[in-house]
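Following: one structure in structure tokens, then a few remarks.
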Amino acid sequence: TGGALLCWGENEDGKLGLGDIMPRSTPTPVPGISGVESVDLGDAHMCAVAAGAVKCAGINEHGELGNGTRQASTTLVDALLPGAAVQVDVGDVHSCAVDTAGRTWCWGANWEGRLADTSQSDQYWPTLSTIEGGKHVAAGESHTCVLDDKGAVWCAGYNGRGQLGNGKRTTQGAPQVVPDLPKAMKVAAGGSFSCSIEATGAARCWGENNNGEVGDGSFSSWSEPAVVALSGIEQIAGGGDHACAIAGGQLWCW
Numbered sequence: 015t016g017g018a019l020l021c022w023g024e025n026e027d028g029k030l031g032l033g034d035i036m037p038r039s040t041p042t043p044v045p046g047i048s049g050v051e052s053v054d055l056g057d058a059h060m061c062a063v064a065a066g067a068v069k070c071a072g073i074n075e076h077g078e079l080g081n082g083t084r085q086a087s088t089t090l091v092d093a094l095l096p097g098a099a100v101q102v103d104v105g106d107v108h109s110c111a112v113d114t115a116g117r118t119w120c121w122g123a124n125w126e127g128r129l130a131d132t133s134q135s136d137q138y139w140p141t142l143s144t145i146e147g148g149k150h151v152a153a154g155e156s157h158t159c160v161l162d163d164k165g166a167v168w169c170a171g172y173n174g175r176g177q178l179g180n181g182k183r184t185t186q187g188a189p190q191v192v193p194d195l196p197k198a199m200k201v202a203a204g205g206s207f208s209c210s211i212e213a214t215g216a217a218r219c220w221g222e223n224n225n226g227e228v229g230d231g232s233f234s235s236w237s238e239p240a241v242v243a244l245s246g247i248e249q250i251a252g253g254g255d256h257a258c259a260i261a262g263g264q265l266w267c268w
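At position 53 of the sequence shown (counting the first as 1) the number is 67 in my numbering, and the numbers step up by one without a gap.
What follows is the structure, given as structure tokens:
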């Protein structure tokens with residue numbers, strides 16, 4: 015609540031931003047940042063937002079840190095974002111942020127077009143997505159989804175499990191709108207699936223469902239949104255192959 019960033023766990027490649035590669039078994043304050051507003055973790059890197067600046071640490075083989083280099087860092091470095099960020103989300107080997115002007119920026123690995131910039135090239139600094147009016151961005155393992163200011167959800171990247179939600183299994187570097195989706199208020203992305211929350215508290219998920227990630231009571235993957243069997247959802251988050259939500263003051267996972 016004081017705006018400090020604390021991290022713990024495995025620290026290979028310096029992903030905790032503590033200046034070394036030693037693991038931590040208890041929450042440890044990260045130096046060089048205060049007033050943290052948003053933070054998210056990737057496979058081997060992490061990024062946080064403070065006072066509009068995006069700072070990242072960890073592996074940087076594909077430009078995950080967004081500082082124009084491929085050099086890993088055990089301490090936080092500034093992502094070269096042209097605008098002031100309001101939120102950041104991190105995928106497996108890429109990162110994305112939304113700024114105060116509603117622009118969506120992504121950087122890092124761009125296999126299958128996961129950066130939503132219509133290219134297939136890795137980007138070592140933030141590159142502008144073609145999606146306009148972005149309010150919230152969610153980075154999955156190899157895809158990215160953005161909620162715009164009209165409540166529509168756009169997704170780009172790998173689509174072999176239907177995680178783009180457009181009824182197809184074709185990978186797309188250009189953002190695709192999720193059709194027939196009720197107006198969304200929030201969006202989330204897991205490893206190979208995506209979710210959205212409506213104002214009513216209902217949620218819909220789509221994509222890989224081998225382990226029940228979609229939460230509709232089945233184990234069938236969906237290339238179109240399926241209704242999650244839970245109401246009154248306020249927050250939802252996707253992991254590699256599971257999801258969790260807050261509803262009615264309780265934590266639910268599947």
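We treat Cβ as the ideally placed atom computed from N, Cα and C, and that holds for glycine.
- Residue D162 holds the alpha-carbon nearest to the alpha-carbon of K149 among D162, S156, L142 and E51.
- For the 8 Å CB-CB criterion, V63 and V102 form a contact.
- In its chain, beyond the 5 residues on either side, L19, M60, C61, A62, V63 and V102 have a beta carbon closer than 8 Å to the beta carbon of V53.
- Counting along the chain, R218 sits inside the beta strand (DSSP E) bounded by residues A217 to G221.
- The residue from A99, E238 and A217 with its alpha-carbon nearest to that of V192 is E238.
- Taking a 10 Å sphere around the C-beta of T15, we find fewer than 16 other C-beta atoms and assign the residue as exposed.
- Per DSSP, the continuous beta strand (DSSP E) segment holding K149 begins and ends at G148 to A153.
- Residue burial annotation: Q249 is exposed, with fewer than 16 other C-beta atoms found within 10 angstroms of its C-beta.
- In the three-state reduction of the DSSP assignment, W125 falls in the helix class.
- Sequence-distant Cβ neighbours of S48 in its own chain, meaning closer than 7 Å and more than five residues away, are G17, A18 and A64.
- Beta-bridge analysis with DSSP links H76 to no other residue.
- The residue among L178, E26, E146 and A67 with its C-alpha nearest the C-alpha of G204 is L178.
- A93 is a Cβ neighbour of C70, given a cutoff of 8 Å.
- Counting the other CB atoms within 10 Å of its CB gives F233 a total below 16, which places it among the exposed residues.
- Secondary-structure assignment with DSSP links W236 through a beta bridge to G221.
- Burial state of A153 is buried, judged by a 10 Å Cβ sphere holding 16 or more other Cβ atoms.
- For R38, the enclosing beta strand (DSSP E) has its first and last residue at R38 to P43.
- One Cα belongs to W119, the other to A243, and the distance between them is close to 33 Å.
- Within the same chain, A202 and C258 come within 6 Å of A251 by CB-CB distance, once the 5 residues on both sides are set aside.
- No Cβ-Cβ contact shorter than 8 Å links T114 with T132.
- A straight-line Cα-Cα distance of about 22 Å links K29 and V100.
- A straight line joining the alpha-carbon of S156 with that of D57 spans about 12 Å.
- Annotation for A62: the continuous beta strand (DSSP E) segment containing it runs H59 to A64.
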